[in-house]
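Just below is one structure, and these are the notes that go with it.
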Amino acid sequence: FGNHDQHRVASRYGLDLADAINMLVTLLPGTSISYMGEEIAMEDTPLTWEQTVDPQGLNAGQKHYVEFSRDPERTPYQWDNTTSAGRKGGRSEYLYFVARTVAAKYKYQNLTRRFSTNATTWLPVNPNYLELNLENEIIAETSHFKVYQQLTGLRSTKTIQLGSLNTQVLSEWIFTFSRELEGEDTYVVLVNLGEEDVTVDLTKFYSDLPETVIVAVASVHSGHARGHVHNPNSLVLRGKQSFVITTGELL
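Going by the working numbering, the sequence shown opens with residue 20, and the numbers climb by one from there.
What follows is the structure, given as structure tokens:
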């Protein structure tokens, strides 16, 4: 969904759907690829003509550069709230997380990482970095980063690696899919693309669900929390929100 040639997911689809898009990217079959910053829901940075450096934008001219420039999605990663969103030294929790996720055998116990100390960078940092940054999302009780961590954790399960895919369109705005594997826990992802809250009866579409299911992952503003137990025939799905339920235990 996101890359250095496409506007950021949080800007293209809206911040409220950032977690939902990450659920699709990480839990659908196949290789999961995330552009840097999508795990904390970074947004495009508005840039002036004078700040533009992308040849594609410059070639379009001052009148049309906004339509063609790829600079807004290429601004620096927002590590923390210090100068240039990353002056602070010390071990990078983000790199440690990536290493642990991609290859659990890799250990970065003594990793030291230093970033720009300049007040200006090749492209300017998004002004929202003071609030929207990795350090804040690591500290927060709930955050897009915490959601992303939980999703990548599910990718280690046999169900997500090897399970079948069953997609269902429940209504104009509600999309769900399940990942199932015999002898393993089932996972069902629910996404509400609409504005209105909806109550969903999953038993009409997934007949093998037990009487109760557990929330494994929930988008930041879903109103659900990891570990909550629900009846699958009356799940409330808030507008622009999403969550993942499981028939088994939490990892």
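Heads up, the beta-carbon is just placed ideally off N, CA and C, and yes, glycines get one too.
In this text the structure is predicted, and so the values were computed from the model without any measurement.
Residues that Phe164 bridges to, as DSSP identifies them:
Per DSSP, none; premise fails for Phe164.
Output the distance between the C-alpha atoms of Gln70 and Val85, rounded to the nearest integer angstrom.
11 Å
Pair within 8 Å by beta-carbon distance, Thr265 and Val219
no
Got a sec, what are the start and stop residues for the beta strand (DSSP E) Thr178 sits in?
Here Thr178 belongs to no beta strand (DSSP E); instead the alpha helix (DSSP H) covers Lys177 to Leu181.
Under 8 Å, with one C-beta from each stretch per pair, do the stretch 165-173 and the stretch 45-52 reach the 3-pair mark?
yes
Tell me the rounded alpha-carbon separation between Gly267 and Val239.
22 Å
Buried versus exposed, by CB contacts within 10 Å (16 or more), Ser190
If you draw a 10 Å sphere on the C-beta of Ser190, you find fewer than 16 other C-beta atoms in it, and that means exposed.
Could you tell me whether the Cβ atoms of Met61 and Leu151 are closer together than 8 Å?
yes
Since Leu149 contacts Asn100 with CB under 8 Å, what's their CB separation in whole angstroms?
So it is a contact: roughly 5 Å between Cβ atoms.
When the Cα atoms are used, what is the spatial distance from Asn129 to Trp141?
Low confidence applies here, because Asn129 scores a pLDDT of 42, under 50, leaving its location unreliable and the question unanswered by this model.
Going by beta-carbon coordinates alone, are Arg27 and Asp73 separated by less than 8 Å?
No; because the gap between Cβ atoms is not below 8 Å, this pair is not in contact.
Alpha carbon to alpha carbon, what distance is there between Asn137 and Pro143?
11 Å
Buried or exposed: where does Thr178 fall if 16 or more other Cβ atoms within 10 Å of its Cβ makes it buried?
buried
Beta bridge counterpart(s) of Thr218 as assigned by DSSP:
Paired residues: Val255.
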